[in-house]
Amino acid sequence: MILRALSLSLRQLGDARTVRLVALVAPLTLLVFIVLGAGWWAALDQWILPRWFAGSDGFAGLIALGITILSAWFLFRGVAMAVMGLFADGIVESVEEDHYPAAAARAVPVGFMKGVRMGLRSARRAVGWNMLAAPFYLMLLVTGVGTLALALVINAALLGPDLEEMVRARHPALPALSSRDRWALGLVAAAAFLVPVAGLVAPVLGAAMAVHLLHGRRQTA
Numbered sequence: 493m494i495l496r497a498l499s500l501s502l503r504q505l506g507d508a509r510t511v512r513l514v515a516l517v518a519p520l521t522l523l524v525f526i527v528l529g530a531g532w533w534a535a536l537d538q539w540i541l542p543r544w545f546a547g548s549d550g551f552a553g554l555i556a557l558g559i560t561i562l563s564a565w566f567l568f569r570g571v572a573m574a575v576m577g578l579f580a581d582g583i584v585e586s587v588e589e590d591h592y593p594a595a596a597a598r599a600v601p602v603g604f605m606k607g608v609r610m611g612l613r614s615a616r617r618a619v620g621w622n623m624l625a626a627p628f629y630l631m632l633l634v635t636g637v638g639t640l641a642l643a644l645v646i647n648a649a650l651l652g653p654d655l656e657e658m659v660r661a662r663h664p665a666l667p668a669l670s671s672r673d674r675w676a677l678g679l680v681a682a683a684a685f686l687v688p689v690a691g692l693v694a695p696v697l698g699a700a701m702a703v704h705l706l707h708g709r710r711q712t713a
């Protein structure tokens, strides 16, 4: 099931509607961090460094860049999911119309505000749990792979239910995924988020996989 969902979702990334949605989600997510970095640079350059460190001209940009990169490690998934909440219904709808037209016809449209609330809930959980895990991420740095492994496990556990919710919001009567499929969905999506370039399409890829896992059961039963 998960391999079929992944294969179909990767092909879906070439669909014109999906490309347009990725072209909205990815730049908006990056824009959040650009604004964050610019805010830190302005604060450091105008207020923080001149007040506490005389002769620190030129360092504001470097420090702001470091803070932004560190913030992206903790916040990227949460911000990306929050942004995707703005377009979640459109993403799910496009996959359903291409592969499951009968399900698309039965769907209950998800309003804009409901999509925003789902995205913000996902972001809040992601940021909260990853901040709680931050001390363990730091301790595991010495292992070489421990930090990535822990991040993968935590975010897989969070992403599976969030992605499933995006589809079931349109189909309230749809049976839930099995624990195994939900975990596999979250694991693949979390792994995609850890890859720098793939992370930009990971939200859309994960949502498409959730559609195929939930609706594809009838075709493979």
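If you use this note's numbering, the sequence shown corresponds to residues 493 to 713, in order.
By construction, the Cβ of each residue, glycine as well, lies at the ideal position given by its N, Cα and C atoms.
Computed from a prediction, not measured in an experiment: that's the story for all the values here.
If you count every other CB in all the chains shown that lies within 10 Å of the CB of residue 556, and 16 or more means buried, which is it? Residue 556 comes out buried.
Take the Cβ of residue 532 as the centre, count every other Cβ of all protein chains shown within 10 Å, and call the residue buried at 16 or more, exposed below. That one is buried.
From residue 606 to residue 678, what distance separates their C-alpha atoms? 22 Å
For residue 713, which residues in the same chain have their Cβ closer than 7 Å to its Cβ, ignoring the five residues on either side in sequence? Its pLDDT being 49, under 50, residue 713 is placed unreliably by the model, and nothing is read from it.
Just confirm the distance between the C-beta atoms of residue 448 and residue 508, as a whole number of angstroms; I'd bet it's less than 8 Å. The chain is shown from 493 up to 713; residue 448 falls before or after that span and cannot be answered.
Helix, strand or coil at residue 601 according to DSSP, with G and I counted as helix: coil
Contact check, residue 584 vs residue 514, beta carbons under 7 Å: For residue 584 and residue 514, no; Cβs fall outside 7 Å.
Candidates 575, 674, 519, 586: which alpha carbon is nearest residue 609's? 575
Option in 522, 645, 666, 665 with minimal Cα separation from residue 688: 522
So is residue 600 buried or exposed if we call it buried at 16+ other beta carbons inside 10 Å? Classification for residue 600: exposed.
Helix, strand or coil for residue 713 per DSSP? Residue confidence for residue 713 is low, a pLDDT of 49 falling below 50, so the modelled location carries little weight and cannot support an answer.
Whole-angstrom Cβ separation of residue 655 and residue 681, contact assumed at under 8 Å? 6 Å
Could you tell me if residue 567 is buried or exposed, where buried requires 16 or more neighbouring beta carbons within 10 angstroms of its beta carbon? buried
Please state whether DSSP places residue 512 in a helix, a strand or coil. Helix.
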